[in-house]
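Below you'll find the structure, written out as structure tokens, and then a few comments.
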Amino acid sequence: MTNSDRIRIRDLLPEAPARQAVRVAGWVRTRRAAKGDLAFIELNDGSCFAGVQIVVPPECPAAKTLVPRLYPGSAIEVEGAWVPSAGREQAAELLAERITLLGACDPTAYPLQKQRISFERLRELPHLRPRTNTFGAVARLRDTLAAATHQFFRARGFLHLHTPIITTSDCEGAGALFQVTTLPLDRPPRRPDGAVDYQQDFFGRAASLTVSGQLAAEAYACALGAVYTFGPTFRAEDSNTRRHLAEFWMVEPEMAFADLAADAALAEAYLKHLARAVLDECPDEIAFFTARIEPLLRPRLETLATATFTRLTYTEGMAALARAPGPFTFPVTWGQDLQTEHERYLTEEFVKGPVIVSDYPRGIKPFYMRLNDDGQTVAAMDVLLPGIGEIIGGSQREERLEVLTERLCAAGLDPADYEWYLDLRRFGTVPHAGFGLGFERLVQVCSGLANIRDAMPFPRTPRNALC
Ligand code: 4AD
Ligand code: MG
231 MTNSDRIRIR DLLPEAPARQ AVRVAGWVRT RRAAKGDLAF IELNDGSCFA
281 GVQIVVPPEC PAAKTLVPRL YPGSAIEVEG AWVPSAGREQ AAELLAERIT
331 LLGACDPTAY PLQKQRISFE RLRELPHLRP RTNTFGAVAR LRDTLAAATH
381 QFFRARGFLH LHTPIITTSD CEGAGALFQV TTLPLDRPPR RPDGAVDYQQ
431 DFFGRAASLT VSGQLAAEAY ACALGAVYTF GPTFRAEDSN TRRHLAEFWM
481 VEPEMAFADL AADAALAEAY LKHLARAVLD ECPDEIAFFT ARIEPLLRPR
531 LETLATATFT RLTYTEGMAA LARAPGPFTF PVTWGQDLQT EHERYLTEEF
581 VKGPVIVSDY PRGIKPFYMR LNDDGQTVAA MDVLLPGIGE IIGGSQREER
631 LEVLTERLCA AGLDPADYEW YLDLRRFGTV PHAGFGLGFE RLVQVCSGLA
681 NIRDAMPFPR TPRNALC
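Numbered according to the working numbering, the sequence shown spans residues 231 to 697.
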């Protein structure tokens, strides 16, 4: 078999039923016998949500020998004629002339049988779950969102930048770093004061996996104007929640000559573009998720694609929360960070739609955010969406050398470690801004999946890294 003469099911289904020699290949979903010695096989090849119906007539050579052994999960190739279907479920079906077994599947061992399996159980089978309807649909949705991301930024003149995965700067200053080292863990070299001697480590200094590509993106934005990076990021936070992963993908645009309002406008246009893309390009997947997972999915996506996002300052948000019927688990106090319950109240109850919260207290945000004239708040913005809360975090960056140095010190960081970053302020500094979108949270928003572990092909969370 060559791949060129195999037709993908997504290309076959729209064809008029008048083709003689058609060849498909895929995995058996179901097989049933019907009257007149016919057998029906539902075959799926992953190219689209739907499978193709194969009808096996008794005169097909495989009918007696092979077909009775075609259990769910078996891989086969089928040649036949694409003919009008007598059934009501489909317009056309493949009348099999020849069936070849590519890979048998033992029904006593294969975990994906016809009965529904819980998401929890499927998380233990990350290598097999893409064969289910739900996870096949999630994978296609994710692919559409990635392609739509590149289209969006490319059309606006953003340059796609690859930022490092191993870094020596802690962007968020939060210390949730996965260390990268080749030192022997049981007996690392030590300095006279007892501290580990990283000068003897691979990079000659301590290194870790990146928590964000932002700082490197700033360097390129401050040379090329507008860039974006789309890569894996890593956070060693011990948070076991429905929206945190230890490894997740982030889309981070960065623009020179831009302030916070321009940043918020870009975030809004980007999210609208993504919602439109999945509504237009994944209608079957969205219909499935809306029917099976989240009834509010389609209306939420329509709102996301069309509604104007409400703008609210943090201070206004706190006032709304203080007036809310509550009660909240975490207190509503000016100066404290918004918790998920607060974010969800603001977007789901107060605004009832997408909201951009800006100007957070300086004390709860990283060193790089631009200090506002009030000296108390920074030019930060978070985009909150119903069902998830924070999907995007961004800011205008502090472009003033003295203020930035002061903020680094206040955050307990050593300016000596950020000399290269300070250089961007020494040599032709400009106002600039950017944001980061959590890609798996985006997949959750566009699928209605409650748990982020189901939005990532091979999720990594505390004490869990399968495959
Ligand atoms: O708000 P965060 O931490 O912002 C940054 O990292 C900035 N440096 C981005 C920038 O301005 N270029 O993270 C950005 C987004 C969050 O809004 C959230 O959607 C997602 O990344 N995120 C996570 N997603 C899954 N698991 C986690 N542990 C996440 N932490 C953040
Ligand atoms: Mg954030």
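Where is the CB? At the ideal position from N, CA and C, for every residue including glycine.
Item	Value
Exposure of E350, with buried meaning 16 or more beta-carbon neighbours within 10 Å	exposed
Status (buried if at least 16 other CB within 10 Å, exposed otherwise) for T440	buried
For A521 and A436, the rounded distance between their alpha carbons	50 angstroms
As assigned by DSSP and simplified to three states, the class of Y590	strand
Cβ-heavy atom distance, L475 to the ligand 4AD, below 6 angstroms	yes
Status (buried if at least 16 other CB within 10 Å, exposed otherwise) for C290	buried
Status (buried if at least 16 other CB within 10 Å, exposed otherwise) for N274	buried
Proximity test, G664 beta-carbon vs the ligand NAP heavy atom, cut-off 6 angstroms	Among the ligands modelled here, namely the ligand 4AD and the ligand MG, the ligand NAP does not occur.
Option in V368, L242, Q343 with minimal Cα separation from P314	L242
Any non-hydrogen atom of the ligand 4AD within 6 angstroms of G303 CB	no
When G624, G565, R506 are compared against Q606, the one with the closest alpha-carbon	G565
Under 7 angstroms between C-beta atoms of A609 and Q626	yes
G720 Cβ short of 6 angstroms to the ligand MG heavy atom set	There is no way to answer for residue 720, as the model of the chain reaches only from 231 to 697.
Residues bridged to F478 (per DSSP)	T463
Minimum Cβ-Cβ distance from V308 to chain C less than 7 angstroms	The structure shown has no chain C; it contains just one protein chain.
Strand pairing of F665, partner residues [DSSP]	G624
Opposing strand residues paired with D612 [DSSP bridges]	V587, G623
Touch test, the region 609 to 621 against the region 577 to 586, Cβ-Cβ under 8 angstroms, three pairs minimum	yes
M442 CB to nearest heavy atom of the ligand 4AD below 6 angstroms	The residue asked about is misnamed: residue 442 is Ser in this sequence, not Met. At least one heavy atom of the ligand 4AD is nearer than 6 angstroms to the Cβ of S442, so yes.
Contact test: F478 Cβ vs the ligand 4AD heavy atom, cutoff 6 angstroms	yes
Local Cβ density within 10 Å of E354, reported as buried at 16 or more and exposed below that	exposed
Other residues of its chain near V585: CB distance less than 7 angstroms, five sequence neighbours each side excluded	F539, T540, L542, L576, T577, L614
Touch test, the region 660 to 668 against the region 325 to 344, Cβ-Cβ under 8 angstroms, three pairs minimum	no
Span separating the alpha-carbon of S399 from that of R370	34 angstroms
Sequence-distant residues of its chain with Cβ nearer than 6 angstroms to Q429 (five each side left out)	none
Burial state of S442, where buried means 16 or more other Cβ atoms lie within 10 Å	buried
A695 (DSSP reduced to helix, strand or coil)	strand
Three-state secondary structure (DSSP) of R299	helix
Per-residue burial, A422 [other beta carbons within 10 Å of its own, 16 or more giving buried]	A quick correction: the sequence has Pro, not Ala, at residue 422. By the neighbour-count rule (16 or more Cβ atoms within 10 Å), P422 is not buried but exposed.
Among C335, Q345, V254, E515, nearest to W312 - alpha-carbon criterion	V254
CA-to-CA distance, D489 to D604, given in whole angstroms	17 angstroms
Which residues DSSP lists as bridging A437, in chain order	V410
Assumed close pair T374, V508 - CB separation to whole angstroms, cut-off 8 angstroms	6 angstroms
Per-residue burial, T563 [other beta carbons within 10 Å of its own, 16 or more giving buried]	exposed
Reduced DSSP category for W650 - H, G, I as helix; E, B as strand; rest coil	helix
Cut-off 7 angstroms between Cβ atoms - residues of its own chain near L667, not counting five sequence neighbours on either side	M480, V481, I621, I622
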